[in-house]
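Number 78 in my numbering belongs to position 78 of the sequence shown; there are no gaps in the numbering. For every residue, glycine included, the Cβ atom is placed at its ideal position computed from N, Cα and C. Quick caveat, the model's predicted, so the values are computed rather than measured. Read through the structure below, which is laid out as structure tokens, and then see the notes.
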Amino acid sequence: MVLDIDFLKQIAFSVFDVVNPLLGTKEAAKKNKRGAGGDLSMEIDLIAEKIIIDSLKKADANLLLISEELGEKYLGDKDIAKKSQTILIVDPLDGSNNAVRGVPYCSVSIALAIGDSIRDIDKAVVLNLNTKDLYWAEKGRGAYFNDLPISVSDLEITEKCFFELNLPMKKIMKSLQELSPIIRRFYRIRILGSSALTLCQIAKGSMEAFINLRPSNRLVDVAAGMLILKEAGGKIFSVDGTEIDHELSINIKFPFIASNSKLETFLKEEFVKKKSQ
Ligand SMILES: [Mg+2]
């Protein structure tokens, strides 16, 4: 079985077929046990993850699966998986709260790495589970929205920039105050609820930046979106302006800043200033 981009797309569409009719229903909202990612799993999260596992098993895939609900698990032949360094990083449903409440902004996120760190991510798909729009990328080959190549916008901070701002609720007023020199420069703020999908909005040029300062932000949420954004010419970096690279593990969580290339310098400079205050 070749784990090519078409196979990853197929998995995402299988998730869509089952999950889309459940969005906003009572069945979706049934509470379950706490997932490995730390959030309370809901029925719809587990249904989405099961479809992914079943698809991988059916295809006799040999890999390490890192997924929000189950954590880390080898599928198929562990030795082959280890030798080939094949790792699939999955959020079966990003934006679960939106999904159960019927807010139309959630996605399935799948990233394939050959190697054990973020920089080894080679293929990525993010499927909007409401609209069935597909974002995808292969390293060095660009990013796509359905069949069309995409790239980030070229808006500068002086133009009408759309930002997503996601802050920890704890001390939110203090954070807003600290961020005010940056926030004042935004044209509009959107807080949408699926990090995977918002990274793709920037990749497509529909938004300009995403400041996500929640320390609980998980690798599984952003692994695919990061590659799609980078392949579309976007930037993603840590709050101290450095490159984000971590080992691939269910326990990895980090805040981040993502943007089109025009806003990179502005955001890095502002965050460095903020840190030195
Ligand atoms: Mg999830």
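So if DSSP puts residue i in a beta bridge, which residue, or which two residues, is it bridged to?
{"i": "G71", "result": "S67"}
{"i": "N260", "result": "Looking at the DSSP assignment, N260 forms no beta bridge with any residue, so it has no partner."}
{"i": "Y143", "result": "Rather than Tyr, the amino acid found at residue 143 in this sequence is Ala. DSSP output for A143 lists A137, I150 as bridge partner(s)."}
{"i": "T265", "result": "Paired residue(s): none; T265 is not in a bridge."}
{"i": "S107", "result": "D94, N128"}
{"i": "S117", "result": "E247"}
{"i": "F253", "result": "Residue 253 is actually Lys in this sequence, not Phe. DSSP output for K253 lists R218 as bridge partner(s)."}
{"i": "N166", "result": "N212"}
{"i": "K31", "result": "M42"}
What do you reckon, are the CB atoms on residue i and residue j nearer than 8 angstroms?
{"i": "F162", "j": "R190", "result": "yes"}
{"i": "F266", "j": "N212", "result": "no"}
{"i": "I150", "j": "G225", "result": "no"}
{"i": "A143", "j": "A258", "result": "no"}
{"i": "G102", "j": "L192", "result": "no"}
{"i": "I157", "j": "L263", "result": "yes"}
Keeping to the same chain, check which residues put their C-beta closer than 8 angstroms to that of residue i; ignore five residues upstream and five downstream.
{"i": "D133", "result": "L127, F145, N146"}
{"i": "K253", "result": "P215, S216, N217, R218, L219"}
{"i": "A48", "result": "V15, V18, V19, P92, L93, V108"}
Counting along the chain, where does the beta strand (DSSP E) carrying residue i start and finish?
{"i": "R190", "result": "188–190"}
{"i": "K123", "result": "121–128"}
Give the range of the alpha helix (DSSP H) segment to which residue i is assigned.
{"i": "F7", "result": "5–19"}
{"i": "I183", "result": "180–183"}
{"i": "I236", "result": "Segment 235–237 is the beta strand (DSSP E) holding I236; no alpha helix (DSSP H) there."}
{"i": "K78", "result": "78–84"}
Here's the rule I'm using: 16 or more other beta-carbon atoms within 10 Å means buried, otherwise exposed. How should residue i be labelled?
{"i": "K235", "result": "buried"}
{"i": "T198", "result": "buried"}
{"i": "S41", "result": "buried"}
By Cβ distance, which residues of its chain are closer than 7 angstroms to residue i, with the 5 residues on each side in sequence left out?
{"i": "E269", "result": "none"}
{"i": "S195", "result": "D94, N212, N217, D221, V222, G225"}
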